[in-house]
Amino acid sequence: MRDDPRRRDLAAYPFRIEMVPRFGDMDLNKHLNNVAVARFYEEGRVRFHFDLHHRPGLDRFRGFIAHLAIDYLAEGHWPDPVEIGVGVVHIGGSSYRLGLAMFQRGACIGLCDSVLVHRDEHGSAPLPPLLREALESLRLRSE
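When we follow numbering that gives the first Met the number 0, the leftmost residue of the sequence shown carries the number 0, and every step to the right adds one.
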């Protein structure tokens, strides 16, 4: 996650949202607390999927999170807005990995990876062609 320089460049992410931290998102040291950081990533991931699922033919996608990892690179501060970038970094047979990054004042302060597995009523299932096509269009950008 840390080794790919694109991961620290907001312009590399095809999907971005901005959020404003709340006073209650601070810890005793006046930094964004770990729970708040995880919630910001969750909101970015959920909004990414909300946008994805409103594309024609993708409203029935069912998936679940199989893995989640967060790297904290720097402290975040209240009340500065945070930007979350989201992009697809890998597409497998039945799963895909999202790369997320958090930026504040233009600096990357954290990275997150989420592996999501597509499922049907029997368990994991191959990614449908329409979903695979949509995910390809949302890959992390190169330069």
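Yeah, the Cβ is synthetic: ideal placement off N, Cα and C, and Gly gets one too.
- Task: Tell me where the alpha helix (DSSP H) around G23 begins and ends.
- Result: G23 -> no alpha helix (DSSP H), and no H or E assigned at all.
- Message: Count Cβ pairs between the stretch 129–141 and the stretch 4–18 that sit closer than 8 Å; are there 3 or more?
- Response: yes
- Query: Based on the DSSP output, what are the partners of F14 in its beta bridges?
  - Reply: V85
- Item | Which of helix, strand or coil DSSP assigns to A124 | coil
- Message: Buried or exposed for R59, going by 16 or more other Cβ atoms inside 10 Å?
- Response: exposed
- Query: Does the stretch 50–58 come within contact of the stretch 102–109, defined as at least 3 CB pairs closer than 8 Å?
  - Reply: no
- Item | Exposure label - E135; buried when at least 16 CB within 10 Å | exposed
- Measure the C-alpha to C-alpha separation of D119 and L129 and round it to an integer number of angstroms. 15 Å
- Starting from the C-beta of I69, find all residues in its chain whose C-beta is less than 6 Å away, skip the five residues before and the five after it, and write them out in chain order. C111
- Task: Mind checking which residues open and close the alpha helix (DSSP H) that includes H52?
- Result: N33 to H52
- Would you kindly report the start and end of the unbroken beta strand (DSSP E) that includes D112? A106 to D119
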